[in-house]
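Novice: Let me begin by handing over the structure; questions about it come next.
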Amino acid sequence: MFIGLPGNPVSVMVTFFLFAQPLIKKMQGRTQYKNPTLPVQCNFDWHRARARREFVRVQLDTNTLPPTASLYPKQNSNVLSSMVWADGLVEIPETFTFTKSEVLNYYSFNKQSTNYL
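Residue numbering for the sequence shown follows the numbering used here, beginning at 1 and increasing consecutively.
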């Protein structure tokens with residue numbers, strides 16, 4: 001098997017996390033191979049409706065109920081510092097815009113990082 005990954009560092013990390021890691025788990029015979037999600041309240045606005053699904057780098061604040069996700073200000077795929085700062089991803093559906101308080105799916109890096117192989 002061959003898994004092709006993109007060239008930018010952030011793109012590699014996000015693609016591996018979302019696609020390669022679950023595939024490796026499935027090939028190992030694990031029954032729970034999908035990345036778990038947590039519904040979180042977004043602490044940011046999103047006005048860039050695109051024809052594709054977006055996975056943006058966020059930091060989760062668990063001291064609030066419900067937990068809130070804050071967006072890293074620069075989401076370009078070459079901004080490696082966003083991956084150091086972030087503790088997960090928020091999934092933004094296609095052609096979707098929203099204002100603060102929207103509840104979306106959050107994927108934690110911490111719950112996955114030690115459990116993929």
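Quick reminder that beta carbons are idealized off the backbone N, C-alpha and C, glycines included. The structure presented is a predicted model; accordingly, all values stated were derived computationally and were not measured.
With H, G and I counted as helix, E and B as strand and the rest as coil, what does DSSP make of N105?
Specialist: Correct three-state label for N105: strand.
Novice: Taking the alpha-carbon of F98 as reference, which of L23, N43, S108 and Q59 has the nearest alpha-carbon?
Specialist: When each option's Cα is compared against that of F98, the closest is N43.
Novice: Go ahead and label G88 buried or exposed: buried means 16 or more other beta carbons lie within 10 angstroms of its beta carbon, across all protein chains shown.
Specialist: Buried, because 16 or more other Cβ atoms sit within 10 Å of the Cβ of G88.
Novice: Excluding the five sequence neighbours on either side, which residues of its own chain have a C-beta within less than 6 Å of the C-beta of P67, listed in chain order?
Specialist: So the list reads V40 and L60, once near-sequence residues are dropped.
Novice: Which stretch, first to last residue, makes up the alpha helix (DSSP H) that contains Q21?
Specialist: Start and end: Q21 to M27.
Novice: Which of the three DSSP states is assigned to T114 in this structure?
Specialist: Residue placement at T114 is poorly supported in this model, since its pLDDT is 42, which falls under 50; the coordinates still yield a value, given next. In this structure, T114 counts as coil in the three-state DSSP scheme.
Novice: The beta strand (DSSP E) spanning V56 covers which residue range?
Specialist: Start and end: E54 to D61.
Novice: Could you spell out where the alpha helix (DSSP H) holding P9 opens and where it closes?
Specialist: Here the alpha helix (DSSP H) through P9 covers P9 to T15.
Novice: Name the one or two DSSP bridge partners that S70 has.
Specialist: For S70, which the question treats as bridged, DSSP gives the partners Q59.
Novice: Any idea which residues DSSP pairs L89 with across the strands?
Specialist: R57 and Y107.
Novice: Among the residues of its own chain, which have a CB less than 8 Å from the CB of P22, if the five just before and after it don't count?
Specialist: Counting only Cβ-Cβ distances below 8 Å, and skipping sequence neighbours, we find Y33, K34 and N35.
Novice: Helix, strand or coil: how does DSSP classify F2 here?
Specialist: DSSP places F2 in coil when its eight states are reduced to three.
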